[in-house]
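Protein chains in written order, with my numbering: chain A, 1410 to 1762; chain E, 1410 to 1762. Using N, Cα and C, we set each Cβ at its ideal position, and we do this for glycine too.
There are 2 protein chains.
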Amino acid sequence: MDATHDSPPQAPRRGRRVGRPSVSMADVARLAGVSSQTVSRVSNGYAGVNEETRRQVLDAMRELGYRPNSAARALKRGEFRTLGVITFSLSTTGNVRTLEAIATAAAAEGYAVTLLPLAVPTQDEVRGAFSRLQELAVDAVIVIMEVHLLDAATINMPPRVQVVVADSDAGDRYTVVDTDQAGGTRTAVEHLLGLGHHTVWHLAGPEDSYAAQRRTDAWQATLTEAGRPVPPLVRGDWSAGSGYRAGLELAAQQDCTAVFTANDQMALGLLRALHERGRRVPEDVSVIGFDDIAEASSFLPPLTTVHQDFAEVGRLCVQAVLRKLRHDDTPHGTTLVPTRLIIRESAAPPSGD
Amino acid sequence: MDATHDSPPQAPRRGRRVGRPSVSMADVARLAGVSSQTVSRVSNGYAGVNEETRRQVLDAMRELGYRPNSAARALKRGEFRTLGVITFSLSTTGNVRTLEAIATAAAAEGYAVTLLPLAVPTQDEVRGAFSRLQELAVDAVIVIMEVHLLDAATINMPPRVQVVVADSDAGDRYTVVDTDQAGGTRTAVEHLLGLGHHTVWHLAGPEDSYAAQRRTDAWQATLTEAGRPVPPLVRGDWSAGSGYRAGLELAAQQDCTAVFTANDQMALGLLRALHERGRRVPEDVSVIGFDDIAEASSFLPPLTTVHQDFAEVGRLCVQAVLRKLRHDDTPHGTTLVPTRLIIRESAAPPSGD
DNA sequence: GGCCGCGATGTTTGCGTAAACATCGATCAG
DNA sequence: CTGATCGATGTTTACGCAAACATCGCGGCC
């Protein structure tokens, strides 16, 4: 090739910005000796292009390193093929695993995922995120969040953006995908009762969390239905540290032989507190967690816990949001993903006591 | 409001697609009685617009619920204000925390973050991700990954996309931001030696990880410099389970009084194994981890560990990539983020043996 | 008093793509 | 043989925005 002034063949005629010599369909068309429309047809895999022509176009694309410009494409098509995900903090296993599943499922459908992290979980922040999201290149939004933060924010949200909510209730107002909190709780509590425990204590999550609330409600309901006394509630904030502090209290209750903990992190702290106070697990106290985080099998002792299928939650979120995108007719409602009890070594029959 | 046929005033004249009644600058301009260019000026906050006019335009925007179309904007401006993040799996704390910091820092700069998760860490996958990324609406890419996976993939990558790498070495070929693995390791090992341990064993991460490799190298170097014997290497795969298995081995070594573990998860498994084998921590064996995950303070006993500042890594990544974007002149090189040793209860002087 | 300069606004244009429509040659039925 | 049909391709246009350039009116200066 002659490189007299070291510009590529068909040098792009604009240099709007440093280092953006992007190749357009027109460039490809010129090299392949066809019209840009034909390039478009090949690029989008339409039939009705002669095999020979198609090959030439593909060659030209390869040679020039052509990549479709997604901005132009989005402008023309009116869709971005991108999903927005709003979540408060990636510090909880659940959120992260759900996000990961969403991203994977979206990729499989040819959608990208744009992340909108919230600094603090306030309605103002949520509102701001929605506002930004709208001028962002996003077709729909999945929110991994408690709904009560959402309500105020969606008021001024134009209806064109579809919303699906994970980890929440409020199926009457939104399309919701969630873990079967109640079912999981019931299984755990019944398992403990089945082992022979007279009743089950509960180390709950924070008051402002619906997930925590539903686990607490289900715990109480299960005990009541079984005709067992409902011990006083002990509250944590999801963190291992709060589990430890709560554990110090629980260790002092000599009649406490079984604890259902609202998540695995708190269970970790609880185990430490019980150990420090000389209460053996599971001989003196049985513990069941919720989540089944990767480390749960390495706790001391390995933790019996309720497994949440976050991957499935993520998948269903994407499915739901895409369905809403394609035909707007999906009714609101909640889809529950079942849990299953993973039995390890932290729960056993009470040792006579 | 009259909602006779529930369409907004100035009903858009095209219905390209169901449910996309999007409002354009022209609509706003018409309502405000100005040209669309003036709307553009207001929208972009340019000076030189009469206060009265500006107010009218803003009112019109509010009334119609105008949102700039980011596709058109990107097409015109030639930039998306979006950063791509490629990472293999969100299952490690480090990746997640880095991602979170990146998203936050990016948001502060007015950039969005698009996530590209990789199903499996192979070069093919990485290549594929890069390929998709190019036709994605992304100005630059941050890769949270071992570099050796990257090399083959970047070959066919056009130079217009800037790349910054976290969690890796190879500062000669890329711009890299990383935790000071060696420094952190040295601090940990020296702390153990300083407590009086004759030498320090090492539970390493997987062979194919550069981060693990550097920790291992630094452990060995520190021991050698101090004139101490280097015990045989014990290898895990980052998981708590592998730490447990390795711990069973280590528990059998009666001369092992101190272990430097390449991450906290493995330390958790190690603690369980030592406990099961009746080796007390820290009386019989001291353990130091790496990462300082949130749960580390609730381990049994609370874990002394090397704190990584993932948030800083994320911030620096964004900073670096934006600098590269603005003036292409940033040289390659590695920025190291310092660590600090968090002293808890899992390391103590050897108890006479 | 005419001209300059400047602030405020309008008009034109083109970014890269793809739908809609137009063209053109070949094939085939009547 | 002629016109309808069809497959393959080209031409026009618009998506929404924002540079670049054009215009317009007004106050000040020589």
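Arg1637/E vs Leu1602/E beta-carbon contact at 8 Å: By one-based count along the second sequence, residue 1637/E stands at place 228. By one-based count along the second sequence, residue 1602/E stands at place 193. The answer is yes: Cβ separation under 8 Å.
Residue nearest to Ala1549/E in terms of C-alpha spacing, selected from Thr1594/E, Ile1495/E, Pro1526/E: Mapped onto the second sequence, residue 1549/E falls at position 140. When only C-alpha atoms are compared, the closest one is Ile1495/E.
Contacting residues, own chain, Cβ-Cβ under 7 Å from Leu1524/A (five flanking each side not counted): Indexing the first sequence from 1 puts residue 1524/A at position 115. If we look at Leu1524/A and ignore the five residues flanking it on each side, its Cβ neighbours are Val1494.
CB contact flag (Val1522/E, Ala1512/E, <8 Å): Taking the second sequence and counting its residues from 1, the one referred to as residue 1522/E is at position 113. Taking the second sequence and counting its residues from 1, the one referred to as residue 1512/E is at position 103. Yes.
Where Asp1587/E falls: helix, strand or coil (DSSP): Counted from its first residue, the second sequence places residue 1587/E at position 178. In the structure shown, Asp1587/E sits in a strand (DSSP, three-state: E or B).
Sub-8 Å separation of Val1727/E and Ala1515/E beta-carbons: Within the second sequence, numbered from 1, the residue matching residue 1727/E stands at position 318. Within the second sequence, numbered from 1, the residue matching residue 1515/E stands at position 106. Yes, the Cβ-Cβ distance between Val1727/E and Ala1515/E is below 8 Å.
Near-chain E residues of the region 1659-1693 of chain A - C-beta to any C-beta below 8 Å: Gln1674, Leu1677, Gly1678, Leu1680, Arg1681, His1684
CB contact flag (Leu1492/E, Val1722/E, <8 Å): Translated into the one-based positions of the second sequence, residue 1492/E becomes position 83. Translated into the one-based positions of the second sequence, residue 1722/E becomes position 313. Against a cut-off of 8 Å, the Cβ pair of Val1722/E and Leu1492/E comes out as no contact.
Min CB distance Ser1695/A to chain E below 8 Å: To locate residue 1695/A, count along the first sequence from 1; it is residue 286. No, Ser1695/A does not count as interfacial toward chain E.
Exposure of His1741/E, with buried meaning 16 or more beta-carbon neighbours within 10 Å: On the second sequence, residue 1741/E is found 332 positions in, with the first residue counted as 1. Label assigned to His1741/E: exposed.
Classification of Thr1633/A by the beta-carbon crowding that lies within 10 angstroms, buried from 16 upward: The residue you call residue 1633/A lines up with position 224 of the first sequence. Looking at its Cβ environment, which holds fewer than 16 other Cβ atoms inside 10 Å, Thr1633/A is exposed.
Outcome for Ile1752/A when other beta-carbon atoms lying within 10 angstroms are tallied against a minimum of 16: The sequence position of residue 1752/A within the first sequence is 343, counting from 1. It counts as exposed.
Cutoff 8 Å: Pro1759/A Cβ touching any chain E Cβ: The residue labelled residue 1759/A in the question sits at position 350 within the first sequence. Not closer than 8 Å to any Cβ of chain E, the Cβ of Pro1759/A fails to qualify, so no.
Within-8 Å CB hit, Ala1549/A to chain E: In the first sequence, counting from the first residue as 1, residue 1549/A sits at position 140. Taking Cβ atoms only, chain E never reaches closer than 8 Å to Ala1549/A, which makes this a no.
Environment of Leu1642/A [buried if 16+ CB atoms lie within 10 Å]: On the first sequence, position 233 is the one that residue 1642/A refers to. So Leu1642/A counts as exposed.
Residue closest to Thr1666/A, alpha-carbon to alpha-carbon, out of Val1458/A, Arg1450/A, His1611/A: For the purposes of this step, residue 1666/A is identified with residue 257 of the first sequence, where counting begins at 1. When each option's Cα is compared against that of Thr1666/A, the closest is His1611/A.
Under 8 Å between C-beta atoms of Val1573/A and Thr1584/A: For the purposes of this step, residue 1573/A is identified with residue 164 of the first sequence, where counting begins at 1. For the purposes of this step, residue 1584/A is identified with residue 175 of the first sequence, where counting begins at 1. Against a cut-off of 8 Å, the Cβ pair of Thr1584/A and Val1573/A comes out as a contact.
Proximity test, Cβ basis, 8 Å: Ile1564/E and chain A: For the purposes of this step, residue 1564/E is taken as the residue at position 155 of the second sequence. Any answer about Ile1564/E is weak, because its pLDDT of 49 lies below 50 and its placement is not dependable; what the coordinates show is given next. Not one chain A Cβ lies under 8 Å of Ile1564/E.
Distance CB(Ala1671/E)-CB(Arg1595/E) smaller than 8 Å: As a first step, residue 1671/E is located in the second sequence; it is residue number 262 there, counting from the start. As a first step, residue 1595/E is located in the second sequence; it is residue number 186 there, counting from the start. Their beta carbons are not under 8 Å apart, which means Ala1671/E does not touch Arg1595/E by this criterion.
Between the CA atoms of Ile1702/A and Pro1768/A - distance to the nearest angstrom: Outside the displayed range of chain A (1410 to 1762) lies residue 1768/A, so it cannot be described from this structure.
Supposed contact pair Gly1652/E and Gly1678/E - C-beta distance, whole angstroms, cut 8 Å: Numbered from its first residue, the second sequence carries residue 1678/E at position 269. Numbered from its first residue, the second sequence carries residue 1652/E at position 243. Rounded, the Cβ-Cβ distance is 3 Å, consistent with contact.
Given Asp1617/E as reference, the closest of His1607/E, Glu1599/E, Arg1644/E once Cα atoms are compared: One-based indexing of the second sequence puts residue 1617/E at position 208. Out of His1607/E, Glu1599/E, Arg1644/E, Arg1644/E has the C-alpha closest to the C-alpha of Asp1617/E.
Phe1539/A - DSSP class collapsed to helix/strand/coil: Locating residue 1539/A in the first sequence gives position 130, counting from the first residue. In this structure, Phe1539/A counts as helix in the three-state DSSP scheme.
Chain-ordered residues of the region 1632-1658 of chain E with a beta carbon less than 9 Å from chain A: Ser1648, Ala1649, Gly1650, Gly1652, Tyr1653
Sheet register partners of Ala1667/A (DSSP bridge): Here the question's residue 1667/A lines up with position 258 in the first sequence. DSSP lists Ser1695/A as partners of Ala1667/A.
Neighbour-count burial assignment, Asn1459/A, 16 or more Cβ in a 10 Å radius: Position 50 of the first sequence, counted from the first residue, corresponds to residue 1459/A. Exposed is the call here.
Neighbouring residues, chain E, relative to Thr1513/A (Cβ below 9 Å): Numbered from 1 along the first sequence, position 104 holds the residue referred to as residue 1513/A. Within 9 Å Cβ-Cβ: Pro1526, Ala1528.
Chain A contact residues for Ser1445/E, given Cβ-Cβ distances below 9 Å: To locate residue 1445/E, count along the second sequence from 1; it is residue 36. By Cβ distance, chain A contributes nothing, its closest Cβ being about 16 Å from Ser1445/E, past 9 Å.
Boundaries of the beta strand (DSSP E) in which Phe1497/E is found, first to last residue: Counting from one through the second sequence, the residue named residue 1497/E turns up at place 88. Residues 1491-1497.
Min CB distance Ser1500/A to chain E below 8 Å: Counting from 1 along the first sequence, the entry for residue 1500/A is found at position 91. Yes, because at least one Cβ of chain E sits closer than 8 Å to the Cβ of Ser1500/A.
Residue range of the unbroken beta strand (DSSP E) whose run includes Thr1523/E: Within the second sequence, residue 1523/E is the residue found at index 114, counting from 1. That run of the beta strand (DSSP E) goes 1521-1527.
Span separating the alpha-carbon of Arg1476/A from that of Val1432/A: As a first step, residue 1476/A is located in the first sequence; it is residue number 67 there, counting from the start. As a first step, residue 1432/A is located in the first sequence; it is residue number 23 there, counting from the start. Arg1476/A and Val1432/A: Cα-Cα distance of roughly 7 Å.
C-beta atoms of Phe1669/A and Thr1507/A nearer than 8 Å: Counted from its first residue, the first sequence places residue 1669/A at position 260. Counted from its first residue, the first sequence places residue 1507/A at position 98. In this structure, Thr1507/A does not lie closer than 8 Å to Phe1669/A by Cβ.
According to DSSP, residues forming a beta bridge with Val1746/E: Counted from its first residue, the second sequence places residue 1746/E at position 337. DSSP lists Thr1588/E as partners of Val1746/E.
Distance between beta carbons of Val1696/A and Ser1760/A, contact taken as under 8 Å: Taking the first residue of the first sequence as position 1, residue 1760/A is located at position 351. Taking the first residue of the first sequence as position 1, residue 1696/A is located at position 287. Not quite, the Cβ-Cβ distance comes to about 14 Å (not below 8 Å), so this is no contact.
The ligand MN heavy atom lying under 7 Å from the CB of Gly1698/E: Ligands displayed in this structure: none; no statement on the ligand MN is therefore possible.
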